[in-house]
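Chemist:
This is the structure in structure tokens:
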């Protein structure tokens, strides 16, 4: 039986410019400061979890961890056993790590491309009202209480085949679809590789919680996506980005695979943020993996 991973729960990002991220996520993305924030660490809420993002002051810009959630202690033990059996050593989180992440159990592991993961259970909730600055609301679950996670993250995976196998056959993610990329789109791909494919996977009904880009990228992250409840939320953020002079990496468009209407903006860390609406929910029991041949139905014109 495959490990029962439920969702992408949080992201931890090191930044050389914490004030820039503070302005970006609070004033532009419409997120909220969470408890535990300090001069060197910004914790960010988008729902009833105590935090979904941690931005930690450091010497450079990079992904510190993508956190994936499991149901409880038993599930975490099963994941740890599956990882060890497949030759991926795990390290238990110490008391300081558990306190910082506000979780009850956690393990550290790297995927075959070296991406740092934290798999955890029992994250604390914040039951106070979420005072989003523009009245915007983020989609992290369904009205019935089904958890979908914070959105999705796209990670660099130059060792694509081994990394895809890791998420599919060790962690139990479902491959939803793939897209063949031209060589020019993967300048940091593995030498001699003729075919480059980007893969989209998820452990839940969100079309994808994880994307694998078949090349290297210095920050260790290509982009993360957050989903909003209304199209107006997306449009208002696009206006805020424009007024602030933030470069728009890709214009508004609708993706062909997850049907998301979104735009991409440059972020302070040298990667991008996707801000979207109306993402597709699938039935894993009936889903058939496909190859998409176009990124979008319309829009999403990439600038540079």
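In our numbering, the protein residues as written are 68 to 371. Every residue, glycine too, gets a C-beta built ideally from N, C-alpha and C. A quick note: this is a predicted structure, and the numbers were derived from the prediction, not measured.
1. Does DSSP put residue 143 in a helix, a strand or coil?
2. Measuring only the C-alpha atoms, how far is residue 298 from residue 237?
3. So which of 312, 308, 141, 272 has the shortest CA-CA distance to residue 353?
4. Residues in the same chain with beta-carbon distance under 6 Å from residue 255, minus the five sequence neighbours each way, listed in chain order, please.
5. So what does DSSP say about residue 281, is it helix, strand or coil?
6. For residue 132, which residues in the same chain have their Cβ closer than 6 Å to its Cβ, ignoring the five residues on either side in sequence?
7. Tell me the rounded alpha-carbon separation between residue 112 and residue 276.
8. For residue 218, is the classification buried or exposed, using 16 other Cβ atoms within 10 angstroms of its Cβ as the cut-off for buried?
9. Which same chain residues end up closer than 8 Å to residue 115 when comparing Cβ atoms and leaving out the 5 residues on each side of it in sequence?
10. Between the stretch 260 to 270 and the stretch 239 to 247, do three or more beta carbon pairs fall short of 8 Å?
11. Between the Cα of residue 295 and those of 232, 225, 261, 201, spot the shortest distance and give me the residue it belongs to.
12. Name the one or two DSSP bridge partners that residue 294 has.
13. Can residue 293 and residue 96 be called in contact, C-beta distance under 9 Å?
14. What's the C-alpha gap between residue 165 and residue 175?
15. Tell me, please, whether the stretch 255 to 264 touches the stretch 336 to 343 by the rule of three or more beta-carbon pairs shorter than 8 Å.
16. What is the DSSP secondary structure of residue 338, counted as helix, strand or coil?
17. Please list the terminal residues of the continuous beta strand (DSSP E) segment that includes residue 318.
18. Where does residue 370 fall in DSSP's three states?
19. Can you grab the Cα-Cα spacing for the pair residue 216 / residue 258, in whole Å?
20. Given a cut-off of 9 Å, decide if residue 279 and residue 234 are closer than it, judged by their beta-carbon atoms.
21. Sort 361, 83, 321, 73 by Cα distance to residue 248 and report the nearest one.
Modeler: Concretely, from the data shown:
1. helix
2. 37 Å
3. 272
4. 282, 283
5. coil
6. 79, 183, 185
7. 18 Å
8. buried
9. 192, 193, 194, 197
10. yes
11. 201
12. 343
13. yes
14. 12 Å
15. no
16. coil
17. 315 to 322
18. coil
19. 35 Å
20. yes
21. 361
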